[in-house]
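Enquirer: Submitted below is the structure of interest, expressed as structure tokens.
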Amino acid sequence: VIPYAKMGYWDASYAVKNTDVLALFRITPQPGVDPVEAAAAVAGESSTATWTVVWTDLLTACDRYRAKAYRVDPVPSTTDQYFAFVAYECDLFEEGSLANLTASIIGNVFGFKAISALRLEDMRIPHSYLKTFQGPATGVVVERERLNKYGAPLLGATVKPKLGLSGKNYGRVVYEGLKGGLDFLKDDENINSQPFMRWRERFLYCMEGINRASSSTGETKGSYLNITAATMEEVYKRAEYAKTIGSVIVMIDLVMGYTAIQSIALWARENDMVLHLHRAGNSTYARQKNHGINFRVICKWMRMSGVDHILAGTVVGKLEGDPLMI
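Following this line, the structure appears as structure tokens:
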């Protein structure tokens, strides 16, 4: 077995190209594993390598397609962690496919034996590859236009309790919140279509509350309707219904998956709807500081996918939040 560093996956003199996809990993090598070899192993396993050299490598432009670990720096205030900088040839990834990008960058490599922990801290996506994704269709300017509110922050809240309310009482919460001064309310991550309140009932009562609050205050109001469902057919069905009854924004959960998110983002663009993403599930891989994925990377991927805005958390309250990340 040849060390990865000697197979071409380590190149300290590599000149980064503008078209390279760059990844910054925090690596914790196993005891006895050289940091450079660990970085090269990450580069290899997330691109073209397997556990040994195979003759079929010679059938490819292997020098071009090998990822290159080109820099390793100790992480300040640690004794066993290192920042590894890895460059990937852009042609390694299918255009416009977040599923394919992540299959390499965070695929098998996180279970690699040479490292005891691995965290993807940041990525630089080249313009040439970024342009193959649709990106967000709207921005804060469009949302302000639709709410007709300028010169002040948009103020919103989440309906509570998030589970257990009837449709009528859910709509009442929406009405009271909007009438009391909120610009918008939103569904929470796990309210979909349960026996105590089906999705269609929730949508109708929400829109009734929105319309009543708008009439009584003279202001444009709104609510993010969660259309997350078990299948894409059902997601589209709920999205179409939300549009039909007058909503201009829909909401999805991160746990839907990358392909599903990209799919509904295309629908939102085609139907002139704002798309909000709840980060449900992100802490399973974003909270640990030495293993997983930094939330900033998730945010970049979601914006590439076409999400207009993301629930980013806060530095106060019940949930963990890093002020620098937020």
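Here my numbering is used: the first residue of the sequence shown is 2, the next is one more, and so on.
Where is the CB? At the ideal position from N, CA and C, for every residue including glycine.
The model shown is predicted, which means the values in this text are computed figures rather than measured ones.
Does the region 209-229 come within contact of the region 167-185, defined as at least 3 CB pairs closer than 8 Å?
Expert: The answer is yes - the region 167-185 touches the region 209-229, with three or more Cβ pairs under 8 Å.
Enquirer: Report buried or exposed for I3, applying the criterion of at least 16 other Cβ atoms within 10 angstroms of its Cβ.
Expert: Taking the first residue of the sequence shown as 1, we reach residue 3 at position 2. So I3 ends up on the exposed side.
Enquirer: Is it buried or exposed, A68, if we count other Cβ atoms within 10 angstroms and call 16 or more buried?
Expert: Within the sequence shown, residue 68 is the residue found at index 67, counting from 1. That one is buried.
Enquirer: Locate the alpha helix (DSSP H) running through M305, then write down its first and last residues.
Expert: For the purposes of this step, residue 305 is taken as residue 304 along the sequence shown, with counting starting at 1. First-last of the alpha helix (DSSP H) with M305: F296 to S306.
Enquirer: Per DSSP, what kind of secondary structure is Y18 in: helix, strand or coil?
Expert: Position 17 of the sequence shown, counted from the first residue, corresponds to residue 18. Here the sequence assigns Lys to residue 18, which means Tyr is not the residue at that position. DSSP places K18 in coil when its eight states are reduced to three.
Enquirer: Can you have a look at A16 and say buried or exposed, based on whether 16 or more other CB atoms are within 10 angstroms of its CB?
Expert: The sequence position of residue 16 within the sequence shown is 15, counting from 1. It counts as exposed.
Enquirer: Would DSSP call L166 helix, strand or coil?
Expert: By one-based count along the sequence shown, residue 166 stands at place 165. Note: L166 maps to coil in three-state DSSP.
Enquirer: So, I311 versus M303, is the Cβ gap smaller than 8 Å?
Expert: The residue labelled residue 311 in the question sits at position 310 within the sequence shown. The residue labelled residue 303 in the question sits at position 302 within the sequence shown. Result yes, Cβ atoms of I311 and M303 sit closer than 8 Å.
Enquirer: For T159, name the three-state secondary structure that DSSP assigns.
Expert: Looking up residue 159 in the sequence shown gives position 158. T159 falls in the strand class under three-state DSSP.
Enquirer: Assuming Y5 contacts G45 (C-beta within less than 8 Å), just tell me the rounded distance between them.
Expert: For this step, residue 5 is matched to residue 4 along the sequence shown. For this step, residue 45 is matched to residue 44 along the sequence shown. Their Cβ separation, rounded to whole angstroms, is 5 Å, which keeps Y5 and G45 in contact under 8 Å.
Enquirer: Which of the three DSSP states, helix, strand or coil, is assigned to Q195?
Expert: To locate residue 195, count along the sequence shown from 1; it is residue 194. Correct three-state label for Q195: strand.
Enquirer: Taking just the CA atoms, how far does G223 sit from N295?
Expert: Position 294 of the sequence shown, counting from 1, holds the residue named residue 295. Position 222 of the sequence shown, counting from 1, holds the residue named residue 223. For N295 and G223, the distance between alpha carbons rounds to 31 Å.
Enquirer: Taking C-alpha atoms, which residue in T133, E241, P196 and K301 lies nearest to S167?
Expert: Numbered from 1 along the sequence shown, position 166 holds the residue referred to as residue 167. Comparing Cα-Cα distances from S167 to each of T133, E241, P196 and K301, the minimum goes to P196.
Enquirer: Do the region 188-203 and the region 168-175 meet, that is, are 3 or more Cβ pairs less than 8 Å apart?
Expert: yes
Enquirer: Beta carbon of Y71, beta carbon of A88: below 8 Å?
Expert: Against the sequence shown, residue 71 aligns to sequence position 70. Against the sequence shown, residue 88 aligns to sequence position 87. In contact: Y71 and A88 (Cβ atoms closer than 8 Å).
Enquirer: To which residues of the same chain is D12 closer than 7 Å at the C-beta, ignoring the five residues directly before and after it?
Expert: Residue mapping note: residue 12 aligns to position 11 of the sequence shown, counting from 1. Once the five neighbours on either side are set aside, the close Cβ partners of D12 are K69 and Y71.
Enquirer: Ends of the alpha helix (DSSP H) at N212?
Expert: Position 211 of the sequence shown, counted from the first residue, corresponds to residue 212. Start and end: W200 to T218.
Enquirer: So what's G258 in DSSP terms, helix, strand or just coil?
Expert: On the sequence shown, residue 258 is found 257 positions in, with the first residue counted as 1. DSSP places G258 in coil when its eight states are reduced to three.
Enquirer: For T245, is the classification buried or exposed, using 16 other Cβ atoms within 10 angstroms of its Cβ as the cut-off for buried?
Expert: Taking the first residue of the sequence shown as position 1, residue 245 is located at position 244. Flag for T245 reads exposed.
Enquirer: For the beta strand (DSSP E) holding Y225, just list the boundary residues, first then last.
Expert: Here residue 225 is taken as the residue at index 224 of the sequence shown, counted from 1. Run containing Y225: G223 to N227, per the beta strand (DSSP E) assignment.
Enquirer: In terms of alpha-carbon separation, which member of D309, A313 and G314 lies closest to T139?
Expert: The residue labelled residue 139 in the question sits at position 138 within the sequence shown. That would be D309, whose Cα lies nearest to the Cα of T139.
Enquirer: Mind checking who K187 pairs with in its DSSP beta bridge?
Expert: Looking up residue 187 in the sequence shown gives position 186. DSSP, once it has assigned bridges, lists T159 and Y225 as partnering K187.
Enquirer: With contact counted as at least three CB pairs below 8 Å, one residue from each stretch, are the region 243-261 and the region 114-126 in contact?
Expert: no
Enquirer: May I ask you to report which of helix, strand or coil DSSP gives G108?
Expert: Taking the sequence shown and counting its residues from 1, the one referred to as residue 108 is at position 107. Note: G108 maps to coil in three-state DSSP.
Enquirer: Am I right that G307 and L276 are in contact with their C-beta atoms under 8 Å? What's the rounded C-beta distance?
Expert: Reading the sequence shown from its first residue, position 306 is the one you call residue 307. Reading the sequence shown from its first residue, position 275 is the one you call residue 276. Rounded, the Cβ-Cβ distance is 7 Å, consistent with contact.
Enquirer: Are A41 and Y10 touching if we call contact CB-CB under 8 Å?
Expert: For the purposes of this step, residue 41 is taken as residue 40 along the sequence shown, with counting starting at 1. For the purposes of this step, residue 10 is taken as residue 9 along the sequence shown, with counting starting at 1. Contact: yes.
Enquirer: Let me check understanding here. Comparing Cα to Cα, which of M8, Y130, T79 and F26 lies closest to Y18?
Expert: The residue labelled residue 18 in the question sits at position 17 within the sequence shown. Before going on, a small fix: residue 18 reads as Lys here, not Tyr. For K18, the nearest C-alpha among the options comes from Y130.
Enquirer: Return the Cβ separation of A240 and I262 in integer angstroms, given the expectation that the two are a contact with Cβ distance under 8 Å.
Expert: Taking the first residue of the sequence shown as 1, we reach residue 240 at position 239. Taking the first residue of the sequence shown as 1, we reach residue 262 at position 261. Their Cβ separation, rounded to whole angstroms, is 13 Å, which puts A240 and I262 out of contact at 8 Å.
Enquirer: Look up G293 in the DSSP assignment and say whether it is helix, strand or coil.
Expert: To locate residue 293, count along the sequence shown from 1; it is residue 292. Here G293 sits in strand by DSSP.
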